[in-house]
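Trainee:
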Amino acid sequence: MKKFDICIIGSGAGGALAAYGLQKKFDSIAIFEKGDWVKRSQTPLYALSHIYRDQGFVSGMGNALIGIPTGEAIGGTTVINSGTCFETPKAVIQEWKESLDINISYEELSPYFSKLRELLSIQKVSEDRISSGNKLFREGLQKLGFQNSFPLDRAEKECVGSGRCPFVCPEAAKQSTDVSILPKFLAQGGEVISNTSITHILEEKDKVLLYGKTKEGKKIKSECRTLVIAGGTLSSPILIRKNRLGSHWRKTGNELSIHPALKVLAQLSYPLESWNGVPQALGFKHPNFPALSFEGVFTPPQLASIVLPLDGKNLDDWLQNYNRVASFGVLAKDTSRGKVRSYPGFGLWVWYFLNQKDFLALREGARFMGLTYLAAGAQKVVLPFNGIQNEFSNFDELKNFNFSPLKPSQLYAMGFHPLGTCGMGRVVDDHLKLYGSQRIFVADGSVVPSSLGVNPQITIMALALRLAEQL
Amino acid sequence: MSRPLFFWTKAVINKYTEIHVAPHHIQKVTHDAFQIVQGYPFKYYFLAQVNFFLFEFIIPLLFGHLSRFSRLSDTQALHIILTFQNTAFLPLRLLVSLVKIPVLLSLRPEVLKEAQT
């Protein structure tokens with residue numbers, strides 16, 4: 003049995019940064035990670051089937067089917083995210099204080115944001131690397147009278163615009179934690195134990211015991227003085243529930259928010275090759291839709307067929323002309339909530355019900371994206387709806403189209419940022435310690451107690467660095 | 002060793018491939034699609050096999066066809082696919098997604114029927 007000062011479960015945004023921060027104070031730290039180091043020279047399809055949890059099948063089920071992609075590799079979901087970076091919105095921190103009595107201020111997190119800028123080489127996407135599909139959307143916005151699109155901040159170094167950030171950056175330019183943090187952690191003597199799942203946890207008075215198994219089925223046992231659970235919003239609550247850790251384990255898994263998102267594709271009369279450049283380069287906030295964030299997005303050609311809400315000749319037409327396709331996405335700061343459970347024989351199950359407010363905002367956000375591309379000169383657009391007209395080539399027709407019969411179940415939606423299943427103030431305290439526990443902390447998206455409305459990786463990382471400093 | 006696929010799974014995948022793909026590319030596309038199903042996590046592999054069974058033997062009956070799905074014409078088969086895809090009833094959309102995903106992930110623009118004309 004191996005003994006460590008600190009054991010960390012998970013190597014994503016929370017786990018890796020907690021390990022990095024704790025290394026200044028503790029000698030022996032081990033990260034346990036279920037996945038393996040990623041291979042960078044593979045196709046997007048390989049990434050989908052080997053790096054995505056359950057090959058991308060994980061979905062929120064309720065009144066809609068919402069895919070929730072999460073990574074299962076060293077680096078966690080940072081390996082398959084778009085690399086965008088946002089500080090925690092001040093309004094959200096205020097909301098935590100007022101509604102949830104969480105004692106964290108923007109000023110307290112600010113030094114960690116600065117540290118992360120340096121560690122992850124966060125910078126704005128330069129004009130020359132913005133993908134053509136994003137630029138086209140900006141043209142459309144300008145024609146509609148909006149001048150306030152902005153280049154996004156991203157964690158990247160020497161990015162050459164491979165255009166496939168969510169399917170493992172082939173150049174290691176995206177600063178996922180396996181590229182930016184874990185090599186430093188290893189160089190300082192830290193240990194990353196890959197291909198190993200922790201299944202059982204026992205907290206004793208003076209130690210925590212971990213039991214698990216390797217990919218090959220070999221059983222392992224470890225002991226540590228302090229445990230940090232950072233398995234991600236979908237896994238950490240399952241582990242805490244299963245092992246009845248702390249005093250509030252019955253509350254884990256609830257209050258899930260996911261940032262439900264939609265994507266609109268546009269077909270132009272000329273080649274765009276939107277896969278060249280940074281696909282998630284521009285952002286936009288619409289003054290009439292404060293809960294929505296619009297961001298560039300593009301699916302590589304190899305996976306284009308699964309994101310089109312079409313079939314038959316219509317699908318074939320879009321696929322054959324994919325070099326003329328642009329796309330943009332919208333995500334909602336959701337007020338809907340779901341829950342995460344594990345059922346015998348099936349495993350992870352995510353319940354999520356999209357409420358009317360979020361649904362209507364997303365529906366109108368999709369309409370707006372379609373209108374923007376049509377204003378920019380697109381021949382036609384396809385909206386992510388089924389069972390109702392979804393292809394439009396006329397601006398006024400789309401503007402006036404009656405979408406009121408549409409239901410949440412007819413959306414082609416994704417949820418990119420699961421958060422909140424072990425929320426601060428509910429399952430863990432302000433310092434991320436599990437209520438009722440002396441030695442177990444949580445540091446991943448699950449502790450973020452409400453929907454942020456922006457990519458949460460910087461928030462998760464800042465909270466993990468803060469935890470490391472306070473431990 | 003790869004997992005076995007039941008004959009109905011292969012038949013439905015083959016039929017859906019025929020709807021989109023030019024004849025001389027069908028073998029390659031179906032081969033890739035079979036591998037995708039075989040490589041699914043077990044619970045999805047199992048669900049997919051049950052789902053393909055329903056599609057091959059039961060669902061055509063609900064549409065008034067006394068035939069297996071794989072023996073329908075392209076038009077009839079596509080009609081079933083589109084009906085399921087366009088429904089607001091989520092379970093049916095799930096069923097059709099499980100049929101489509103392995104083939105869609107194996108498609109390349111150059112193998113499409115329309116690309117050959």
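Order-wise, the sequence lines are chains A and B.
Start counting at 1 in the first sequence, then tack on 2, and there's your number in the numbering used here.
Start counting at 1 in the second sequence, then tack on 1, and there's your number in the numbering used here.
For each residue, glycine too, the CB sits at the ideal point set by N, CA and C.
Computed from a predicted structure; not experimentally measured.
1) If you measure from the beta carbon of Lys114(B) to each beta carbon in chain A, is any gap under 9 angstroms?
2) For Trp320(A), I'd like the list of residues in its chain whose CB is within less than 6 angstroms of its CB, leaving aside the five on either flank, ordered along the chain.
3) Note down, one range per segment and in chain order, each beta strand (DSSP E) of at least 3 residues found wholly within the region 385-451 of chain A.
4) Can you tell me the Cα-Cα spacing of Glu109(A) and Gln25(A), whole angstroms?
5) Quick check on Tyr65(B): buried or exposed, where buried means 16 or more other Cβ atoms within 10 Å of its Cβ?
6) By Cβ distance below 8 angstroms, which residues in the same chain neighbour Val97(B) in space, the five residues on each side in sequence not counted?
7) Between the Cα of Asp130(A) and the Cα atoms of Glu100(A), Cys161(A), Asn105(A), Ser116(A), which residue gives the shortest distance?
8) Which residues of the region 26-60 of chain B have a Cβ closer than 8 angstroms to any Cβ of chain A? Give them in chain order.
9) Could you work out which residues of chain B lie near Gln57(A), taking near to mean beta carbons separated by less than 7 angstroms?
10) Which residue's Cα is closest to the Cα of Phe54(B): Tyr45(B), Thr18(B), Tyr41(B), Arg69(B)?
11) Can you tell me which of Ser452(A), Asn316(A), Phe88(A), Gln412(A) puts its alpha carbon nearest to the alpha carbon of Gln485(A)?
12) Between which two residues does the alpha helix (DSSP H) harbouring Tyr345(A) extend?
13) Can you grab the Cα-Cα spacing for the pair Lys382(A) / Asp29(A), in whole Å?
14) Closest by CA to Ile124(A), which one among Phe169(A), Ala175(A), Glu141(A), Lys217(A)?
15) Checking contacts by CB at 9 angstroms: is Gln472(A) closer than that to chain B?
16) What residues of chain B sit near Ile53(A), judged by a beta carbon separation below 7 angstroms?
17) Just how far apart, CA to CA, sit Arg72(B) and Glu173(A)?
18) Please list the terminal residues of the continuous beta strand (DSSP E) segment that includes Asp155(A).
19) Which stretch, first to last residue, makes up the alpha helix (DSSP H) that contains Ile53(A)?
20) Check Ala1(A) in the structure and name its three-state DSSP category.
21) Taking only beta-carbon atoms, is Asn87(B) less than 9 angstroms away from chain A?
22) Do you know how far the Cα of Gln144(A) is from the Cα of Ala75(A)?
23) Got a sec: which bits of the region 91-113 of chain B sit with their beta carbon under 7 angstroms from any beta carbon on chain A, in order along the chain?
24) So, for Glu35(A): in the same chain, excluding its five sequence neighbours on each side, which residues have a beta-carbon less than 6 angstroms away from its beta-carbon?
25) One question on the structure: do Ala49(A) and Gln459(A) come within less than 9 angstroms of each other, judged by their Cβ atoms?
26) Residues of chain A with CB under 7 angstroms from His120(B), in chain order?
27) Taking only beta carbons into account, state which residues of the region 402-431 of chain A come closer than 8 angstroms to chain B, listed in chain order.
28) Hey, how far is the Cα of Thr118(B) from the Cα of Glu393(A)?
29) For Pro346(A), which of Lys29(B), Ala89(B), Lys44(B) has the nearest alpha-carbon?
30) To which residues does DSSP link Ile132(A) through a beta bridge?
31) What does Leu83(B) reach in chain A if we use C-beta pairs closer than 8 angstroms?
32) Between the beta-carbon of Arg156(A) and the beta-carbon of Val280(A), is there less than 9 angstroms?
Mentor: In terms of the structure at hand:
1) Yes, contact with chain A.
2) Here the set comprises Leu310.
3) Annotation: the region 385-451 of chain A contains the following complete segments of the beta strand (DSSP E) (minimum length 3 residues), in chain order: 415-417, 442-444.
4) So the two alpha carbons sit approximately 24 angstroms from each other.
5) For the record, residue 65(B) in the displayed sequence is Gly; it is not Tyr. Gly65(B) sits exposed, since fewer than 16 C-beta atoms from the chains shown fall within 10 Å of its C-beta.
6) Listed in chain order, the non-local C-beta contacts of Val97(B) below 8 angstroms within the same chain comprise Ile82, Phe85, Gln86, local neighbours out to five positions each way being set aside.
7) Closest by alpha carbon: Cys161(A).
8) If the cut-off is 8 angstroms between Cβ atoms, the region 26-60 of chain B has Ile37, Gly40, Tyr41, Pro42, Lys44, Tyr45 near chain A.
9) Within chain B, the residues placing a beta-carbon under 7 angstroms from that of Gln57(A) are Tyr41, Pro42, ordered along the chain.
10) Among Tyr45(B), Thr18(B), Tyr41(B), Arg69(B), the Cα nearest to that of Phe54(B) belongs to Arg69(B).
11) Here chain A has residues from 3 to 473 only, and residue 485(A) is not among them.
12) Counting along the chain, Tyr345(A) falls outside any alpha helix (DSSP H), though it belongs to the beta strand (DSSP E) covering 340-345.
13) Going by the C-alpha atoms only, they are around 59 angstroms apart.
14) Nearest of Phe169(A), Ala175(A), Glu141(A), Lys217(A) to Ile124(A), Cα basis: Ala175(A).
15) Not an interface residue.
16) Going along chain B, no residue has its Cβ under 7 angstroms from Ile53(A), so there is no contact; the nearest lies around 13 angstroms.
17) Glu173(A) has its alpha-carbon roughly 47 angstroms from the corresponding atom of Arg72(B).
18) Going by DSSP, Asp155(A) is part of the beta strand (DSSP E) stretching over 155-157.
19) Premise fails: Ile53(A) is in no alpha helix (DSSP H) and is neither H nor E.
20) The question about residue 1(A) has no answer here: the residues shown for chain A are numbered 3 through 473.
21) Closer than 9 angstroms: yes.
22) Rounded to whole angstroms, Ala75(A) to Gln144(A) spans 41 angstroms at the Cα level.
23) Listed in chain order, the positions of the region 91-113 of chain B with a beta carbon within less than 7 angstroms of a beta carbon of chain A are Leu91, Arg94, Leu95, Ile102, Leu105, Leu106, Leu108, Pro110, Leu113.
24) Same-chain partners within the cutoff: Ser13, Ile76, Ser196.
25) Going by C-beta atoms, Ala49(A) is not nearer than 9 angstroms to Gln459(A).
26) The requested residue 120(B) is not part of the displayed model; chain B covers only 2 to 118.
27) Correct list: Lys409, Ser411, Gln412.
28) Interpretation of Thr118(B) is limited by its pLDDT of 45, a score under 50 that renders its predicted location unreliable; no figure is taken from the coordinates.
29) That would be Lys44(B), whose Cα lies nearest to the Cα of Pro346(A).
30) Val280(A), per the DSSP bridge assignment.
31) Per Cβ cutoff of 8 angstroms: Asp313, Gly314.
32) The answer is yes: Cβ separation under 9 angstroms.
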